[in-house]
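Student: There's a structure below that I have some questions on.
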Amino acid sequence: MIKPQPFTATVLSNEYIAKETRKTVFKIHSDFNIQFTTGQFFNITVPAKNPDEKMVMRAYSIASSSSRLPEFELCVKVVENGRGSGYIDEMQKGDEIKMMGPFGHFGKKDETKKTIMIATGTGIAPMKAICDELSENEFKNAGILIFGVSQHEYASYDEYFSTMSEKYENFEYKLYVSRPKEGFIGNAGRVTAWLENTTASDFKNAEVLICGNPAMVKEVKNILITDREMDKKDVIVEAY
Ligand SMILES: Cc1cc2nc3c(=O)[nH]c(=O)nc-3n(C[C@H](O)[C@H](O)[C@H](O)COP(=O)(O)OP(=O)(O)OC[C@H]3O[C@@H](n4cnc5c(N)ncnc54)[C@H](O)[C@@H]3O)c2cc1C
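Following this note's numbering, the numbering of the sequence shown begins with 9 at its first residue and continues without gaps.
Dropping the structure here:
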């Protein structure tokens with residue numbers, strides 16, 4: 009277990025990679041020695057903008073693997089009037105930010121097992137980190153990423169994962185769009201549509217990582233344990 013510590017980081021870049029979603033790359037100052045295990049999150053400190061406001065903390069999953077340290081990236085959905093996401097949205101190259109971490113237990117537990125990742129929305133952030141790490145080992149054990157969004161333009165890292173799946177035979181990427189626009193070509197439906205076409209044998213010797221909105225996480229976990237006979241310890245979840 010890595011002990012969480014406060015640290016300071018500088019923004020290297022801050023760009024939109026999907027509708028209302030930022031990819032922000034940071035570099036940790038050299039006077040801090042921060043480590044994390046892939047899948048964990050950092051808390052950011054959001055300063056008060058005026059005397060009526062209090063400083064607040066917000067959690068963001070680290071969207072890159074630990075091998076990229078002292079650089080790391082976050083993937084943040086900018087929500088209306090959001091204190092934390094609004095603060096990230098306004099960050100410029102060179103800005104400094106105070107953070108704390110790492111925190112959390114999300115991530116792969118058994119390196120020998122196939123990795124099945126199911127994410128919705130910005131639940132993709134820790135999966136991006138895990139995919140980066142698995143690709144560093146050329147997906148020695150197979151990886152499958154099932155990603156659900158409401159509309160295609162919300163699919164962060166879509167091209168990145170498509171290119172990864174072309175490069176590595178052992179990595180499969182499937183995007184599901186629940187409210188597709190007219191003319192959309194691809195998988196229409198929720199991530200549970202993918203599950204409908206699976207059987208218990210698809211989950212043998214696999215661990216499933218699920219991250220996204222709490223209702224999806226609960227529903228998928230329940231299907232895996234009750235209908236696909238998965239062991240609870242092989243279903244690893246993070247909900248937000
Ligand atoms: C362990 C963990 C990891 C997380 N990782 C990420 C991550 O990688 N990327 C990420 O974007 N978020 C992540 N979150 C969520 C994040 O911590 C914030 O809750 C989120 O950014 C909203 O905070 P805010 O300060 O911007 O909005 P707030 O100031 O808290 O809320 C402002 C308004 O926005 C509404 N709102 C809050 N969240 C949403 C939403 N998702 N969609 C629409 N409206 C919303 C609120 O109800 C409120 O009305 C994570 C949360 C946890 C617990």
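Cβ coordinates follow ideal geometry from the N, Cα and C atoms, glycine included.
Excluding the 5 residues preceding and the 5 following K136 in the sequence, name in chain order all residues of the same chain whose CB lies nearer than 6 Å to its CB.
Tutor: If you number the sequence shown from 1, residue 136 lands on position 128. Once the five neighbours on either side are set aside, the close Cβ partners of K136 are A71, Y165.
Student: Any idea what DSSP makes of M135, helix, strand or coil?
Tutor: In the sequence shown, residue 135 corresponds to position 127, counting from 1. In this structure, M135 counts as helix in the three-state DSSP scheme.
Student: Just mark Q48 as buried or exposed, buried being the case when its beta carbon has 16 or more other beta carbons within 10 Å.
Tutor: As a first step, residue 48 is located in the sequence shown; it is residue number 40 there, counting from the start. Per the 10 Å Cβ criterion, buried.
Student: Please list, in chain order, all residues of the same chain as I233 whose beta carbon is under 7 Å from its beta carbon, the five residues on each side excluded.
Tutor: Locating residue 233 in the sequence shown gives position 225, where the first residue counts as 1. Taken in chain order, the residues that qualify are K240, V243.
Student: Taking the DSSP output, what are the residues bridged to Q13?
Tutor: As a first step, residue 13 is located in the sequence shown; it is residue number 5 there, counting from the start. DSSP output for Q13 lists G109 as bridge partner(s).
Student: Rounded C-beta distance between E141 and T46? I'm assuming under 8 Å.
Tutor: Position 133 of the sequence shown, counted from the start, is the residue given in the question as residue 141. Position 38 of the sequence shown, counted from the start, is the residue given in the question as residue 46. E141 to T46, Cβ: 5 Å. Contact.
Student: Could you spell out the range, first to last residue, of the alpha helix (DSSP H) harbouring Y168?
Tutor: As a position in the sequence shown, residue 168 is number 160, starting the count at 1. First-last of the alpha helix (DSSP H) with Y168: 166-175.
Student: For a quick check, are the C-beta atoms of S209 and E144 less than 8 Å apart?
Tutor: Numbered from its first residue, the sequence shown carries residue 209 at position 201. Numbered from its first residue, the sequence shown carries residue 144 at position 136. No.
Student: Under 7 Å: does the beta carbon of R91 sit that close to some heavy atom of ligand 1?
Tutor: Counting from one through the sequence shown, the residue named residue 91 turns up at place 83. Answer for R91: yes, Cβ within range of ligand 1.
Student: Determine the contact status of E161 and K27, defining contact as a CB-CB distance below 8 Å.
Tutor: Here residue 161 refers to the residue found at position 153 when the sequence shown is read from its first residue. Here residue 27 refers to the residue found at position 19 when the sequence shown is read from its first residue. Yes, they are a contact pair.
Student: Short of 6 Å in beta carbon distance, which residues of its chain neighbour V199, apart from the five on each side in sequence? Order them along the chain.
Tutor: As a first step, residue 199 must be located in the sequence shown, where it is residue number 191. Counting only Cβ-Cβ distances below 6 Å, and skipping sequence neighbours, we find I126, I154, G156, Y184.
Student: How should A102 be labelled, buried or exposed, when 16 other C-beta atoms within 10 angstroms of its C-beta is the threshold for buried?
Tutor: As a working note, residue 102 is residue 94 in the sequence shown. Checking the displayed sequence, the identity of residue 102 turns out to be Gly instead of Ala. Flag for G102 reads exposed.
Student: Which of the three DSSP states, helix, strand or coil, is assigned to T120?
Tutor: The sequence position of residue 120 within the sequence shown is 112, counting from 1. Three-state DSSP puts T120 in coil, outside helix and strand.
Student: Tell me whether T85, by its Cβ, gets closer than 7 Å to a heavy atom of ligand 1.
Tutor: Indexing the sequence shown from 1 puts residue 85 at position 77. A small correction: the amino acid at residue 85 is Lys; Thr does not occupy that position in the sequence shown. Yes, Cβ of K85 sits closer than 7 Å to a heavy atom of ligand 1.
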